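Chains as they are written, first to last, in the working numbering: chain A, 1 to 417; chain B, 418 to 834.
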């Protein structure tokens, strides 16, 4: 994409209200715009990152045989009364002109359970796993964390349905692994801890995926001996001792919760009377699991983890573009060469952000490039062309390399792999 | 995809409330589920069709240099008061716990205009075109038309910003052409008429794209001489005469509106005081256009147009799968051969719906296949295998052809192109 055509611009002027690292950087760099507290607009660069994350999640969900669906955000009140959750203060409620009541979904057990019930009657129809990627709504009082906590946010929610606990447990472990693949591909695997959390009245534990960040809102407690992490709620119950070895030597760390997985067991199949006929001819309750990842929150967390004082440093697989091509200087020679490189990359199906802006100084182009944070920067200038070369610099390294123009496509292709 | 793994099933039991052709067929065939009046859940097959339509629209929007963004559905009241539209009865309104008021967007001029204003200051920054694909909300009283009219529905909304009328007009014509490409790729080009509609107080006309269907809710008036279509509102003003030739010999046709394009001119740049500095140094108001397509409505309209008494007949480019592979009979030989074909297709990156269900009769499999409506059906049975052959039948033809198994992949690849 030509940067001269990108309608957004980087900005230095930021509201003082904008306190979080993620939203400050993402707004400055032109990835997002703030509409109001807790609600952000995805601009072209932010939308590209979102699509990359969405694609990773979609691939990994399809990889655990989950089928993609899309449920309405507006839900009739009756469904939420059936599960006794209509009373929840976090749910946005509204009325239509006829006076009927609706909830705006912040999770979708109330819709997905009766839906799957219509199609599942026998043990032969199980297991079933369905997911969706969708905007959710939540009447959130704390909205100071940028993309980490909003009144409207993108979620992937997966629901699984099983004939017995063994099958539920097996699938739960499968999803756990898929989640770590997602966080690895998004570049935050090393910082992300599987963390014991409350399982409600149904399981001993559920699991949160907690990512270490300097300004994290959550606290986790890590036992260095057992290599397990425990969330605040559980550790308080445990009187600040490791549930495995009983040690009190725990490390406290600030984190952001990027995902959670939960065995719902028959909590919702009870409410909706969702039975199946088992092999032995008996009617039994279906068992369920649910598994969430907030996509906007994940994107924001990546920025909290991957940045420096100059700007964002995108992990390769979710960068809006793999390459930032910059033409420096206004001479005809530079312009022609940069255009040719850009077109050659397009032909080779390699998307690059191409800084072809004519009214920007060298300093402004480099400052913008560091702020936007594409992992590889390729510069063509009078100076490099004298040697038939281009300059290449990785966003997370200081070293600048001069390479022959003839090797450019090969270098880029190797890097992208 | 293996049909045995698809969690949805076809059904014959349909609520009598379900009156429209599109929703009756789409629910029977397992593409959609009705959550409540005016709100449908996309099931795996329906979601696949949706994604194909979305992809076509995305390609055509990118083709007219529009940049994709995503705006929050929840909008603060103040924006809608600025344009004097907060009073509209069709807008769903809600409050948060702090008592603040919000609208659920049914269109997004109120959000996109101040957003683009932040980035556009000079004639050099224009034109700009941005679009999004998103669920919209509308407090709709008539909800009997299935996917054609809902309280929650998927929309593509494009907004363009220009320095003068000439540039707006040029872009408007470009989008008109892109819309016809979209309707062509979705298989309803022949039935779709560009129709003169009211331009509000700003333009003489806007344009609707109206598709002929047997049960259409709208009426259009076609002048066979001038080959133009006029909507009801305009033709009443014209006293039922063609605005070109003044003839009263007009054909009346039932239609569904699948898209509309509108020159907003300075309606919203006035409201938000959105100026730019022109080449002559003067401050001028930005001119806008807006362009909508309802994706769910388009999907429903395709079904209204493309079906017979047995089920849906998907146009090639938006079918959930290009091929329906059916294994008939339980013998080992049939099973092995069908499995091999399915895997060979997968290797060749050709997605097929593979009816590998073992508990279904030949009749049930054919009935389901006709109902689901994939354009090409490939059958492997004891009988065909005796001749090392497969049977191929197109959904919209009666003829059944027997072809050699060795030519299967070649046949499919040629068909897909």
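Even glycine gets a Cβ: it sits at the ideal position worked out from N, Cα and C.
What you are looking at is a predicted structure, and each value in this text was computed from that prediction instead of being measured.
Contact with chain B is absent for residue 303 of chain A, since none of that chain's Cβ atoms lies less than 7 Å from the residue's Cβ. When DSSP states are grouped into helix, strand and coil, residue 688 of chain B belongs to the helix group. By the Cβ test, the segment 117-127 of chain A is in contact with the segment 262-280 of chain A, since at least three Cβ pairs between them sit closer than 8 Å.
The segment 490-502 of chain B makes no contact with the segment 48-61 of chain A, as fewer than three CB pairs between them are under 8 Å.
For residue 550 of chain B, the uninterrupted beta strand (DSSP E) segment begins and ends at 545-554.
The beta-bridge partner set that DSSP reports for residue 527 of chain B is empty.
Here the alpha carbons of residue 543 of chain B and residue 572 of chain B stand approximately 25 Å from one another.
Note that the segment 174-181 of chain A does not touch the segment 135-154 of chain A; fewer than 3 beta-carbon pairs, one per stretch, sit closer than 8 Å.
Residue range 44-63 is occupied by the alpha helix (DSSP H) that includes residue 50 of chain A. Within the segment 477-488 of chain B, contact with chain A at the beta-carbon level (separation under 9 Å) is assigned to 482, 484, 485, 486, 487 and 488.
When beta bridges are read from the DSSP output, residue 155 of chain A appears opposite A:134 and A:294. With contact defined as three or more Cβ pairs closer than 8 Å, the segment 194-202 of chain A and the segment 230-238 of chain A are in contact. Of B:507, B:701, B:683 and B:761, the smallest CA-CA separation from residue 825 of chain B is found for B:761. A distance below 7 Å between beta-carbons, with the five flanking residues on each side excluded, links residue 822 of chain B to the following residues of its chain, in chain order: 805, 806 and 807.
With respect to chain A, the C-beta atom of residue 460 of chain B has a partner C-beta closer than 7 Å.
Unbroken beta strand (DSSP E) stretches of 3 residues or longer found wholly inside the segment 722-773 of chain B: 740-744 and 769-772, given in chain order.
Chain A has no Cβ within less than 7 Å of the Cβ of residue 572 of chain B. Within 10 angstroms of the beta-carbon of residue 430 of chain B lie fewer than 16 other beta-carbons, which makes it exposed. Assigned with DSSP and collapsed to three states, residue 222 of chain A falls in strand.
Residues of chain A with a Cβ closer than 8 Å to the Cβ of residue 439 of chain B do not exist, since the nearest Cβ in that chain sits about 17 Å away. For residue 395 of chain A, no alpha helix (DSSP H) encloses it, and the DSSP letter there is neither H nor E. Bounds of any alpha helix (DSSP H) do not take in residue 120 of chain A, whose DSSP letter is neither H nor E. Among the CB atoms of chain B, one or more fall inside 7 Å of the CB of residue 39 of chain A.
One thing to note: residue 608 of chain B has its Cβ within 7 Å of the Cβ of residue 628 of chain B.
With contacts defined as CB atoms closer than 7 Å, residue 427 of chain B and residue 785 of chain B qualify as a contacting pair. Contact residues of the segment 549-583 of chain B toward chain A are 549, 551, 552, 554, 556, 557, 558, 567, 568, 569, 571 and 578 (C-beta to C-beta distance below 9 Å). Of the residues assessed, residue 781 of chain B falls on the exposed side of the cut-off, its CB having fewer than 16 other CB atoms within 10 angstroms. Residue contact check for residue 491 of chain B against chain A: a CB pair falls below 7 Å. By the CB criterion at 7 Å, residue 255 of chain A and residue 312 of chain A fall outside the cutoff. Residues 132 of the same chain have their beta carbon placed closer than 6 Å to that of residue 70 of chain A, with the five preceding and five following residues left out of the count.
For residue 230 of chain A, the three-state secondary structure derived from DSSP is strand. Residues of the segment 105-120 of chain A with a C-beta less than 8 Å from any C-beta of chain B: 111, 115, 116, 118, 119 and 120, listed in chain order. DSSP, reduced to helix, strand and coil, places residue 796 of chain B within a strand of the structure shown. Bridge pairing for residue 260 of chain A: A:208 and A:292 [DSSP]. Going by DSSP, residue 700 of chain B is part of the beta strand (DSSP E) stretching over 700-702. In the DSSP annotation of this structure, the continuous segment of the beta strand (DSSP E) that includes residue 198 of chain A starts and ends at 192-198.
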